[in-house]
Amino acid sequence: MNTTSPVPATQRLLSLDTYRGIVMFTLFAGGFGLAQVAGKFPENETLQWLKFHTSHPEWISQFKAIGFSLWDMIQPAFMFMVGVSMPYSYGKRKELGHTYTQRLAHAWTRAIVLVLLGVFLQSMNKPETYWIFTNVLSQIGLGYGFLFFLVGRRFLLQLIIGAVVLVGYFFYMLPAGFENGTSAPQQFDLWFLNLFPRESEFTVHPYTTFNFIPSFVTMLMGVMSGQLLKNSEIPEATKLRRLLLGGLVCLLLALAWAPVCPIVKKLWTPSWALFSGAYVIWLLALLYWLIDYKGWKYGWTSFFIVVGMNSIAAYLMGQLMKPFVKSVLHTHIPDTFWAATGAWEPAAEAILIAVFFWITLLWMYRNRIFIRI
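Numbering (the numbering used here), first residue to last: 443 to 815.
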């Protein structure tokens, strides 16, 4: 892990840095505490709507045909961005003279570190290592090394492999069905995760180790999108049309598949990979159009780029430092302030914690301190 590195000299895809910043800021802000506030006002329709969009639905992730919870899209966006960045990062390494073997070794080293870092985060406040691989970093790591082999490959090959993975995984899941507790991936974890030393027996969990298989396709969509945007021979308007069309195809396929393959984020069903893929592709298209195509990038993007260029640091802050920062806030901010916030105290806490993290990331950005794996 490299903790200090210069800002790359080559031109960056600013829309990607902004995309990362928006997602990571929302994530470490914890949905701005709105779900907790809404719990205190059960009859307030606006707050209940906000609660829906800042929490995960219990199981099915599709509402009113094409509706969804915004909170469900955080992880797909996170994983998609990893894929988008790969053509740029490994293209840069190639330009610097790194051999294929060196790039391969870097990819697999990064994959292993991400898997173990995810396990470490899951083990916080546990009496021993808690062997589970559902943290987003572990999920990225489980697919990252394999994804490397598809970076720079032809679009058709990437498309075929993505389709084979999703269809194959669907048939793996089909016999046991898609209900919580009885699905094939959950039953696999009952056996697999109990092979590891643990304080007590592992029982059924909504999220599974095998989620990395269909979410691999989410990252592959990112690679395909990144290669498209990186290709200087394709006109900008054509890139945007292809992103919009790609998202539409994903959405239509997901809706057609949904009657036999329910759209479930927690299981990352193949239909969810396509359904969420549509929206994360469209968000990239929107930001690319605004920032890199229209040039509307001054001022507002800087706020998010500070976070986006240090996304690993931002994620780790959100995972590790919230209790400490919350304690500091309550120690040094008078009780009269917290009393004045009343039922909105969770929102005040979340916003102040997010501001603290953002100021820390701004300091890191100005001092050229970037966490890299």
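Glycine included, C-beta positions come from ideal geometry on N, C-alpha and C.
DSSP places residue 707 outside any alpha helix (DSSP H), giving it a letter other than H or E. In terms of Cβ geometry, residue 653 and residue 576 form a close pair [threshold 8 angstroms].
Residues 656, 659, 712, 715, 716 of the same chain have their beta carbon placed closer than 8 angstroms to that of residue 608, with the five preceding and five following residues left out of the count.
Beta-bridge annotation (DSSP): residue 583 is not paired with any residue.
A distance below 8 angstroms separates the beta carbons of residue 720 and residue 696. Setting aside the 5 residues that flank it on each side, residue 746 is surrounded in the same chain by 460, 463, 464, 467, each with a C-beta closer than 7 angstroms to its C-beta; the list follows chain order. If you check the CB distance, residue 458 and residue 526 come in under 8 angstroms. For residue 664, DSSP records no beta bridge to any residue. Runs of the alpha helix (DSSP H) lying entirely within the stretch 626-677 and spanning at least 4 residues, in chain order: 626-634, 654-672. Collapsing the DSSP output to three states places residue 597 in a helix.
DSSP, reduced to helix, strand and coil, places residue 502 within a strand of the structure shown. If you ignore the 5 residues before and after residue 481, its C-beta comes within less than 8 angstroms of the C-beta of 493, all in its own chain and listed in chain order. In the pairwise beta carbon analysis, the stretch 779-795 is classified as touching the stretch 469-476: at least three pairs are separated by under 8 angstroms.
DSSP places residue 741 outside both helix and strand once states are collapsed to three, so it counts as coil.
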